[in-house]
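The structure under discussion appears below in the form of structure tokens.
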Amino acid sequence: MALEIERKFLVLDDSYKHEAFSKSHIRQGYICSERGRTVRIRIRDERAYVTIKGPSLDGGLARSEFEYEIPFEDGQQLMLLCEPGQIDKIRWLVKSGEHTFEVDEFFGDNEGLVMAEVELSSPDEEPKFPHFIGKEVTGDRRYYNSQLRRNPYCLWKEKE
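Residue 2 is where the sequence shown starts when you use this note's numbering, and the numbers rise one by one after that.
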């Protein structure tokens with residue numbers, strides 16, 4: 002089974018942009034976003050993917066994940082079948098020690114939200130954190146992309 006182990010953090014400033022070695026534009030929608038399982042369609046630049054995720058384990062730290070590249074045209078057609086609302090973001094990749102942090106800068110109804118994720122090989126692995134990493138939000142459902150589609154940041158950011 003494919004297991005994704007990742008931690009999520011809010012980002013303090015935009016210095017990650019100067020440290021990034023790559024960036025890409027991502028649009029994603031959800032065919033299914035029920036609690037405990039999601040089926041996501043992602044278009045990343047000129048490539049498309051379908052991803053199936055299982056329920057969160059360990060307080061949101063780990064979950065099963067299966068991702069497959071699909072023909073770009075199929076991805077565009079599948080986006081039309083998705084539930085209402087899409088995620089639109091730029092993903093910046095920043096190396097820190099042995100890890101790569103994926104920093105997502107959101108647009109649309111999630112404008113102003115910037116989060117970083119780091120994938121780990123085990124739950125107790127401790128990465129070298131870059132200086133722009135802020136509060137940890139691992140396991141906080143509000144920050145799941147599937148939830149941001151349904152309950153965007155613009156509706157609750159003032160309370161945060």
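Virtual Cβ for every residue (Gly too), placed ideally from N, Cα, C. Computed from a predicted structure; not experimentally measured.
Are the Cβ atoms of residue i and residue j separated by less than 7 Å?
| i | j | result |
| --- | --- | --- |
| residue 118 | residue 24 | no |
| residue 80 | residue 135 | no |
| residue 121 | residue 6 | yes |
| residue 138 | residue 17 | no |
| residue 21 | residue 95 | yes |
| residue 41 | residue 27 | no |
| residue 123 | residue 39 | no |
| residue 47 | residue 3 | no |
| residue 86 | residue 142 | no |
Once DSSP output is grouped into helix, strand and coil, what is the label at residue i?
| i | result |
| --- | --- |
| residue 105 | strand |
| residue 126 | coil |
| residue 65 | strand |
| residue 23 | strand |
| residue 84 | coil |
| residue 73 | helix |
| residue 79 | helix |
| residue 30 | strand |
| residue 156 | helix |
| residue 97 | strand |
In whole angstroms, give me the CA-to-CA distance for residue i and residue j.
| i | j | result |
| --- | --- | --- |
| residue 57 | residue 64 | 5 Å |
| residue 68 | residue 129 | 27 Å |
| residue 75 | residue 43 | 11 Å |
| residue 91 | residue 154 | 16 Å |
| residue 132 | residue 100 | 14 Å |
| residue 88 | residue 71 | 19 Å |
| residue 13 | residue 77 | 34 Å |
| residue 1 | residue 140 | Only positions 2 to 161 of the chain appear in this structure, which leaves residue 1 out of reach. |
Cβ contact (3+ pairs, closer than 8 Å) linking the region 43-62 and the region 93-113: no
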